[in-house]
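Visitor: Here the sequence shown stands for residues 1 to 262, numbered as in the numbering used here. Note that beta-carbon positions come from the ideal geometry of N, C-alpha and C, so glycine has one too. Take a look at this one; I'll ask things after.
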Amino acid sequence: MDYQSIEFGLEQGIARITLNRPEKLNSFTAAMHGELADALSRIESQGARVLVLTGRGRGFCAGQDLSERQMSAGAAPIDLGHTVETYYAPLVRRLHALPMPVVVGVNGVAAGAGANLALAGDIVIARRSASFIQPFCRLGLLPDTGGTYALPRLVGRARAMGLALLGDKLSAEKAEQWGLIWECVDDDAFEARLDELARHFATAPTQGLAATKRAIDASLDHTLDQQLDMERDLMRELGRSADYAEGVAAFLAKRAPVFGGK
């Protein structure tokens, strides 16, 4: 597939997706969703060990391109539930299920579905000049793309309600302070930090990191006993991995480990 709305690359275990509609602040279209789905299929099948997701230009993603939602007089209402079920929900599910870290670099404004796309990442960093906005309330809607799931879990009910019901802009610095994202980075250091994280995860024990993702996500709905059982089962599996053997051997030999992601 020739991509028009995104840029995609995969090299040395690092998959990179850059949303590439800068003139529209990388807002979503059906075509962009199709390209993202294709790129994720390539990532799942081609041995990537980390995904880096960011945007081109001055915005990360401004959410849905509303020019695709214009209704002519007398036309039937657009089925937004179909849009969520067909595009946004599968995208969030696939990012959560990827057996590798998903690093999101928020290079500018992240609004609506774009903000919640960012929150679907595992490690989220943002330029200090970036911001997060949940503008759904201004359109008579609710935060989709996993927004109503992620927000209260990341920042608590009170802050989630304020963000969702008021739609105020949240700075990257405050997003870090609230625990919405991992790190706020000075603009001139942003690209280097994103590359540093990509290189780190490309040489890390990928299976262990994937299992960590699964366990932490599951813990939100598990009892303590269920979580302890899951930890037991995953540790049993990881204890048989080549990366664990390499980690132990490297520790005993007092050398840096060389993980193969297996």
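Any idea if F251 is buried or exposed, counting beta-carbon neighbours within 10 angstroms, 16 or more meaning buried?
Guide: Label assigned to F251: exposed.
Visitor: Taking 9 Å as the cut-off, decide whether the C-beta atoms of V185 and R138 are in contact.
Guide: No. Outside cutoff.
Visitor: Taking the alpha-carbon of D65 as reference, which of E231, K169, S5 has the nearest alpha-carbon?
Guide: Per the Cα distances, S5.
Visitor: Flag this pair as yes or no: are the beta carbons of G63 and A115 separated by less than 9 Å?
Guide: Yes, the pair counts as a contact, with Cβ atoms nearer than the cut-off.
Visitor: Between V248, A245, A210, D243, which lies nearest to E231 when the distance is taken from Cα to Cα?
Guide: Here the closest residue by C-alpha is A210.
Visitor: Checking contacts by CB at 9 Å: is G47 closer than that to chain D?
Guide: Given the protein chain composition of this structure (a single chain), no chain D is represented.
Visitor: Give the DSSP-derived three-state secondary structure of A110 in the structure shown.
Guide: Reduced to three states, the DSSP call for A110 is strand.
Visitor: So, R214 versus L234, is the Cβ gap smaller than 9 Å?
Guide: Closer than 9 Å, so yes.
Visitor: Have a look at Q207, L40, I216, D221 and flag the residue whose alpha-carbon is nearest the alpha-carbon of G239.
Guide: For the residues Q207, L40, I216, D221, the minimum Cα distance to G239 belongs to Q207.
Visitor: Just verifying my parser: in three-state terms, what is the DSSP assignment at L139?
Guide: Correct three-state label for L139: helix.
Visitor: Which class does A218 belong to by DSSP, given the choice of helix, strand or coil?
Guide: If DSSP states are grouped into helix, strand and coil, A218 belongs with the helices.
Visitor: For L227, which residues of its own chain have a beta-carbon under 6 Å away from its beta-carbon, when the five flanking residues on both sides are left out?
Guide: Note that residue 227 is Gln in the sequence shown, not Leu. Answer for Q227: S219, listed in chain order.
Visitor: Touching or not, the segment 43 to 53 and the segment 94 to 113, by the rule of three or more beta carbon pairs under 8 Å?
Guide: The segment 43 to 53 vs the segment 94 to 113: in contact.
Visitor: Measure how close the beta-carbons of A301 and L10 come, nearest whole angstrom, since I'm counting them as under 8 Å.
Guide: The chain is shown from 1 up to 262; residue 301 falls before or after that span and cannot be answered.
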